[in-house]
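Protein chains in written order, with this note's numbering: chain A, 3 to 287; chain L, 3 to 287. Just so you know, even glycine gets a beta-carbon here, dropped at the ideal spot from N, CA and C. Since the structure is predicted, the reported quantities are computational estimates derived from the model, not experimental observations. As structure tokens, the structure follows; a few thoughts come after it.
See the structure below:
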């Protein structure tokens with residue numbers, strides 16, 4: 003595995019690989035890797051011929067008062083994990099490489115980015131689109147991999163890539179969970195043992211909601227209320243940003259009577275962590 | 003010369019060319035080609051190995067009440083001209099190819115796009131960035147060529163490409179003029195003979211302004227007033243959108259005392275045509 007810090011070198015490696023007839027798989031991350039990231043990496047390695055993983059904590063996707071400074075980092079461990087998986091290129095650019103000069107160009111996907119997390123983190127998805135557009139222009143992947151936990155992010159990036167005719171396929175893979183159901187997230191490190199227990203309520207609430215739908219409940223507001231009740235019943239959950247039943251394509255609120263498939267998505271604050279999770283409910287269980 | 007309508011085929015041809023070690027030169031146009039376009043094409047052919055020219059009248063860069071429907075078109079003549087120059091690919095996509103689905107992704111460069119033409123055509127440069135980003139993702143050029151007449155457009159696109167780390171160099175080439183000094187533009191076809199005569203006042207005003215600067219005038223407002231006077235003295239000039247002395251990089255207004263280089267830029271309405279022109283003034287004449 004080669005570690006690269008320069009955009010010019012990273013692009014050169016991708017172009018060499020493509021010239022040799024290889025398909026390029028790309029997993030953009032902010033590092034502090036967990037099994038969720040690694041499942042993306044393994045799929046990239048299986049499905050493509052040349053695997054690039056980036057580790058870059060992107061400042062423009064953090065809002066004021068958010069956890070940019072304290073976001074967990076452990077590049078040495080990340081490097082070992084990726085080396086063990088057989089990754090070809092670890093791309094670890096500096097801020098100077100990703101934001102040279104007085105960067106001012108904005109990329110955004112208004113309708114998909116307005117609701118859900120976008121309503122609580124108004125500049126977040128603009129920062130995500132901006133950095134991922136840059137990374138795509140450097141790495142020039144054929145396929146890029148994202149996790150379903152960040153469903154809205156993945157939907158926005160897929161739409162961005164389609165709309166701008168970017169030559170990349172966006173592949174969204176299932177959320178990886180701990181044995182007890184907690185969705186893996188680098189931010190879980192913020193949780194103490196009691197908070198971690200409380201954080202399970204997100205998954206439990208979503209499972210409750212999914213169960214209601216499977217048993218025929220067709221009122222979005224009753225489903226949202228039931229999910230919210232499970233989560234808020236836990237005193238260590240400080241606040242729930244949203245519980246929402248939306249259509250999985252446009253991410254717009256669903257109306258009564260529900261038509262499947264739907265996505266039930268939640269965001270809540272537990273301790274210092276803002277956690278998100280979601281469940282996709284089709285008609286076939 | 004091969005004419006291509008599908009984005010997938012256009013990308014395939016570029017990738018084949020790159021695989022064969024060729025550098026790709028790209029000239030995006032809205033067609034109705036004149037010597038200005040052809041000078042870009044000739045430079046592309048001289049400087050690169052594979053020349054792609056697109057002809058596409060992009061609806062999103064026209065505002066309400068602008069001339070989208072009446073914009074001049076003559077694809078048969080354009081094809082003959084490009085064939086004669088030795089262009090490799092003429093890319094003529096349909097709206098369906100460039101805007102598939104419910105396209106919603108926006109790309110914009112706020113500071114550079116706010117002033118000059120952006121103040122009078124508030125959605126114009128967003129439409130330009132959007133279509134050029136798409137075209138770049140399809141054609142994947144090494145160098146793209148733009149004319150200096152559309153100075154603000156070229157500056158915005160260069161900034162977009164730099165900021166988003168697009169692997170393309172933006173090359174801005176001098177304005178091509180008729181013998182009498184009128185900057186070539188597809189929209190000159192809107193002018194009747196008397197209006198065409200009146201349109202010369204833009205170039206004359208700019209030359210007057212440049213002359214003042216060369217003789218030591220260092221007040222932007224006096225220069226702007228002098229340029230405006232030349233233009234407005236012509237009764238067939240219906241209105242002047244702006245006369246502005248700006249710094250050529252940031253396109254922000256210059257203050258007294260002037261420091262070179264500067265750009266003097268104008269936009270004015272003559273008959274049915276909205277015309278623009280500019281002059282770049284360095285210290286060395």
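- For the stretch 62-101 of chain A, the full-length beta strand (DSSP E) segments reaching 3 residues or more read 91-93 along the chain.
- Counted as a single uninterrupted DSSP element, the alpha helix (DSSP H) harbouring residue 205(L) occupies residues 195-216.
- For the 8 Å CB-CB criterion, residue 40(L) and residue 87(L) form a contact.
- Three or more beta-carbon pairs drawn from the stretch 143-153 of chain L and the stretch 24-31 of chain L are found closer than 8 Å, and the two stretches are therefore classed as touching.
- Contact between the stretch 112-132 of chain L and the stretch 151-159 of chain L is present: 3 or more CB-CB pairs across the two stretches fall below 8 Å.
- 108, 109, 110, 111, 112 and 113: these are the residues of the stretch 108-123 of chain L whose beta carbon lies less than 7 Å from some beta carbon of chain A, given in chain order.
- Boundaries cannot be given for residue 58(L), as no alpha helix (DSSP H) includes it and DSSP labels it neither H nor E.
- At the C-beta level, residue 166(L) and residue 136(A) come within 8 Å of one another.
- The residue from 12(L), 211(L) and 205(L) with its alpha-carbon nearest to that of residue 260(L) is 211(L).
- Counting of Cβ neighbours within 10 angstroms places residue 95(L) among the buried residues, the total reaching 16 or more.
- The DSSP-derived three-state label of residue 261(L) is coil.
- Residues of the same chain with a CB within less than 6 Å of the CB of residue 73(L), apart from the 5 flanking positions on each side, are 59 in chain order.
- 14(A) is the residue among 4(A), 14(A) and 3(A) whose C-alpha sits nearest the C-alpha of residue 169(L).
- Against chain A, the CB of residue 201(L) has no partner CB under 8 Å away; the residue lies outside that interface.
- Look at residue 34(A) here: in three-state DSSP terms it is coil, with no helix or strand label.
- Look at residue 3(L): its C-beta is not under 8 Å from any C-beta on chain A.
- Counting only Cβ-Cβ distances below 7 Å, residue 135(L) has contacts in chain A at 166, in chain order.
- Residue pairing for residue 241(L): DSSP places it in a beta bridge opposite 271(L).
- Under DSSP, residue 26(L) takes part in a beta bridge, and its partners are 52(L).
- For residue 176(A) and residue 150(A), the gap between their C-alpha atoms comes out near 5 Å.
- With respect to residue 279(A), residue 205(A) sits close: the two C-beta atoms are nearer than 8 Å.
- Look at residue 105(A) here: in three-state DSSP terms it is coil, with no helix or strand label.
- In the structure shown, residue 152(A) falls within a helical segment according to DSSP collapsed to helix, strand and coil.
- A contact between stretches requires three or more CB pairs, one per stretch, nearer than 8 Å, and the stretch 237-255 of chain A meets this requirement with the stretch 266-281 of chain A.
- Bounds of the alpha helix (DSSP H) holding residue 18(L) are 9-21.
- Between residue 92(L) and residue 3(L), the C-beta gap is smaller than 8 Å, which places the two residues in contact.
- The continuous stretches of beta strand (DSSP E) do not include residue 256(L), and DSSP gives it neither H nor E.
- Listed along chain A, no residue sits closer than 8 Å to residue 189(L) by beta-carbon distance, the nearest being about 28 Å off.
- Per DSSP, residue 175(A) is one residue of the beta strand (DSSP E) stretching across 171-175.
- In the structure shown, the three-state DSSP call for residue 6(A) is strand.
- When the Cα atoms are used, residue 67(A) and residue 97(A) turn out to be separated by approximately 20 Å.
- Chain A has a Cβ within less than 8 Å of the Cβ of residue 103(L).
- In the DSSP assignment, residue 116(A) falls within the unbroken alpha helix (DSSP H) covering 112-116.
- The stretch 102-118 of chain L makes contact with the stretch 247-263 of chain L: 3 or more CB pairs, one atom from each, lie closer than 8 Å.
- DSSP places residue 251(A) in the coil class of the three-state scheme, outside both helix and strand.
- Here residue 127(A) has 115, 120 and 158 as same chain residues with Cβ atoms under 6 Å from its own Cβ, once five neighbours each way along the sequence are excluded.
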